[in-house]
């Protein structure tokens with residue numbers, strides 16, 4: 001991490017507001033910033049422990065002094081108390097010293113100092129929604145990548161194949177989940193009435209709680225986990241029997257001897273869920289270049305003089321829809337600069353909701369918009385986009401560069417970039433619908449994070465510093481349904497992308513219209 005970013009993060013931690021760190025789970029960068037907040041808390045706790053150790057050492061010295069008196073000169077109380085000095089010291093201890101020890105405020109002062117330090121840091125600490133979002137991120141990874149819960153608990157990303165656990169990714173840094181960790185994940189699912197997940201996570205919590213002592217930092221107990229697990233099983237049983245009896249009424253001959261199985265809750269994209277998840281796990285039916293001669297790699301200039309001496313590496317991924325991957329489109333230095341410029345402006349990403357915009361659980365990320373006038377590197381990238389596409393990417397004919405950082409299990413479920421109804425704000429813009437998308441990968445990830453094209457049945461892994469380009473509209477202006485795409489959840493890594501959306505108007509001579517919808 002550069003010194004510039006480290007300085008930004010430190011300044012954020014010191015001068016943080018609730019808004020700045022809101023919805024921490026939606027951005028891995030925000031989670032990284034939280035590391036600095038915990039380091040400050042560690043310093044507060046260290047100071048508290050040092051003060052408490054000093055306080056207890058003082059009490060121990062008093063205890064040792066008093067007990068040594070009773071094992072020494074007080075062995076014969078009658079003779080000892082006859083000495084007026086000894087008698088005075090006894091009275092003084094009982095009236096003054098013991099009272100000072102018993103009624104000392106030092107312990108309260110120490111804990112109050114710790115609590116005050118925590119209070120100052122609260123703005124930079126996760127909220128309840130962050131805990132819930134992080135838990136949902138783990139459950140999302142569990143679902144999309146068909147991960148084994150017991151493996152996740154041990155810190156492994158595993159699928160079950162032919163009865164055996166198989167690693168789909170081995171992280172270089174691993175950690176395990178405790179019984180209390182599993183209890184809280186199960187509790188999030190439980191509160192959402194998602195008993196499919198709550199049963200699995202509460203079962204792990206019960207297994208881990210058994211045989212271990214309760215710790216004061218834990219929120220749950222074995223009794224809590226058993227209670228929630230029992231009710232979750234009951235709700236699954238009720239739901240199963242309702243479905244079973246409805247089926248008995250509808251079918252002939254009746255269905256009998258069905259086993260009780262856990263059923264995943266429905267999602268907003270239920271019709272495409274299976275294809276979406278398969279594409280996130282594999283690359284789908286994407287044809288190999290040697291199988292389809294129409295797909296190729298080359299050094300591309302687009303007839304632009306600026307690319308003659310240094311053509312760009314182009315890989316044609318798909319013809320329908322037309323999707324191109326430009327390798328090494330930006331340099332590492334450019335990608336780093338864009339990430340750093342975007343950092344202060346990152347806010348929870350929104351989606352179109354009728355004529356308005358709102359946050360949504362099917363898009364977990366933070367984003368910021370960068371203008372060419374404020375950042376020279378943005379203008380440089382814009383000009384390069386024009387060179388390889390021939391499109392006018394200057395506002396108002398294209399949107400500002402949107403920089404996105406994905407969160408814990410960050411994803412964007414299947415969606416179109418172009419407007420699909422007259423109610424969309426894009427249709428009210430003078431520059432029309434989004435004709436094309438240019439997406440730049442500003443980082444690499446260790447696992448996950450593919451861009452999946454659902455109906456076209458292929459996906460593209462994250463290629464650091466590369467860029468994906470595709471047309472959202474046919475030449476007759478109609479939306480291309482084959483561009484339905486998704487950002488798969490990130491298993492491990494910090495995914496950054498930059499999006500440039502180009503609009504219809506302003507491209508009349510660069511991208512000519514046609515009445516043929518196939519063009």
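Residue numbers (UniProt numbering): 1 to 519.
Every residue, glycine too, gets a C-beta built ideally from N, C-alpha and C.
Just so you know, these numbers come straight off a predicted model, no measurement behind them.
| query | result |
| --- | --- |
| Contiguous alpha helix (DSSP H) assignments of at least 4 residues, all confined to the region 304-360 | 332-342 |
| Test item: CB-CB of residue 140 and residue 487 under 9 Å | no |
| Meets three-Cβ-pair contact criterion under 8 Å: the region 370-377 and the region 304-322 | no |
| Endpoints, the alpha helix (DSSP H) within which residue 79 is located | 77-81 |
| Contacting residues, own chain, Cβ-Cβ under 6 Å from residue 14 (five flanking each side not counted) | Bear in mind that a pLDDT of 42 at residue 14, under 50, signals an unreliable position, so the number given afterwards is only what the model happens to contain. Taken in chain order, the list of residues that qualify is empty. |
| Residues that residue 157 bridges to, as DSSP identifies them | 169 |
| Helix, strand or coil at residue 552 [DSSP, three-state] | Past the edges of the chain, shown from 1 to 519, lies residue 552, and the structure says nothing about it. |
| Continuous beta strand (DSSP E) assignments of at least 3 residues falling wholly in the region 452-510 | 458-460, 467-471, 485-487, 490-493 and 496-503 |
| Reference residue 196, options 208, 176, 229 and 385, closest by Cα | 229 |
| Contact check, residue 490 vs residue 411, beta carbons under 9 Å | yes |
| Delimiting residues of the alpha helix (DSSP H) encompassing residue 265 | Careful: residue 265 lies outside any alpha helix (DSSP H) and carries neither H nor E. |
| Residue of 396, 457 and 204 minimising C-alpha distance to residue 505 | 396 |
| N- and C-terminal bounds of the beta strand (DSSP E) containing residue 441 | 434-441 |
| Reduced DSSP secondary structure (H/G/I, E/B, other) of residue 412 | strand |
| Given 8 Å, three or more beta-carbon pairs between the region 297-310 and the region 443-456 | no |
| C-beta atoms of residue 193 and residue 235 nearer than 9 Å | yes |
| Simplified DSSP state of residue 213, which is helix, strand or coil | coil |
| Under the three-state DSSP convention, the category residue 218 falls into | coil |
| Per-residue DSSP class, three states only, for residue 149 | helix |
| 7 Å CB neighbourhood of residue 283 in its chain, flanking five on each side removed | 458 and 459 |
| Nearest-angstrom Cβ-Cβ length linking residue 135 and residue 184, presumed shorter than 8 Å | 6 Å |
| 9 Å Cβ cutoff met for residue 339 and residue 405 | yes |
| Integer Cβ distance of residue 131 from residue 142, believed to fall under 8 Å | Their Cβ separation, rounded to whole angstroms, is 17 Å, which puts residue 131 and residue 142 out of contact at 8 Å. |
| Nearest candidate by alpha-carbon position, reference residue 45, set 87, 92, 98 and 115 | 115 |
| Straight-line gap, residue 165 to residue 352 (C-alpha atoms, nearest Å) | 40 Å |
| Nearest-angstrom beta carbon gap, residue 346 and residue 27 [assumed within contact, 8 Å] | 6 Å |
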